[in-house]
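To keep things clear, I will list the structure first and then write my remarks on it.
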Amino acid sequence: MEILLWIGILVVATAVFIFYMFHVRFQENAEWYDDWREPGNLWIMPYWTPMVIFVALGELYELSGYWGGVVVFNLLRVVAIIALLMGLIGLLGLLGIPLPWPFVPRWVVERRKKDRAERKARRRRRKEGG
């Protein structure tokens, strides 16, 4: 029964990751940006679902009796290191550190540039007027 649980977790986490890759990443207008949904859409889905996928794969590997021996174990170890690094990148983004383009969609970087320019212009107008 436990194996079905981990298969379900693997399927759901993979579906969420695929949803992110094909939907969230390529949006032109995201009404959820600067909203309470932003952390989930920008940081949890793309960076933490691979960690969940890896944990599910590791548990399935353990429950299946460690088939494949050292080769599969070493492959899973490399995947674990990559998933851990992705989780750390997601944590940095979740903490509010602005990340460059490869780590966020291009439209987010463009929107940040536009927002920064608007704030700068507003500050300049306030300084000149007051």
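Residue 29 in numbering that gives the first Met the number 0 is what sits at position 30 of the sequence shown, and the numbering runs on without skipping anything.
Glycine included, C-beta positions come from ideal geometry on N, C-alpha and C.
Nearest residue (CA-CA) to residue i, options the options
i      : options                        : result
Pro104 : Leu87, Trp5, Arg24             : Arg24
Glu37  : Ser63, Val70, Leu94, Arg118    : Leu94
Ile2   : Asp34, Trp100, Glu61, Thr48    : Glu61
Glu30  : Lys126, Arg110, Arg115, Ala120 : Arg110
Ile6   : Asp34, His22, Ser63            : Ser63
Nearest-angstrom Cβ-Cβ length linking residue i and residue j, presumed shorter than 8 angstroms
i      : j     : result
Ala79  : Phe53 : 6 angstroms
Leu83  : Leu56 : No, Leu83 and Leu56 are not in contact; Cβ-Cβ is about 14 angstroms, not under 8 angstroms.
Phe102 : Pro49 : Their Cβ separation, rounded to whole angstroms, is 13 angstroms, which puts Phe102 and Pro49 out of contact at 8 angstroms.
Leu9   : Leu87 : Rounded, the Cβ-Cβ distance is 22 angstroms, inconsistent with contact.
Met85  : Tyr46 : 5 angstroms
Trp106 : Gln26 : 7 angstroms
Val51  : Ala12 : 4 angstroms
Span of the alpha helix (DSSP H), counted from its first residue to its last, around residue i
i      : result
Tyr46  : 44–62
Asn73  : 68–93
Trp106 : 105–128
Leu3   : 1–18
Secondary structure of residue i, DSSP reduced to three states
i     : result
Tyr32 : coil
Pro97 : coil
Phe21 : helix
task = Decide if the region 37–47 is in contact with the region 85–100; the criterion is three or more beta carbon pairs, one per stretch, under 8 angstroms apart.
result = Result yes; three or more Cβ-Cβ pairs closer than 8 angstroms.
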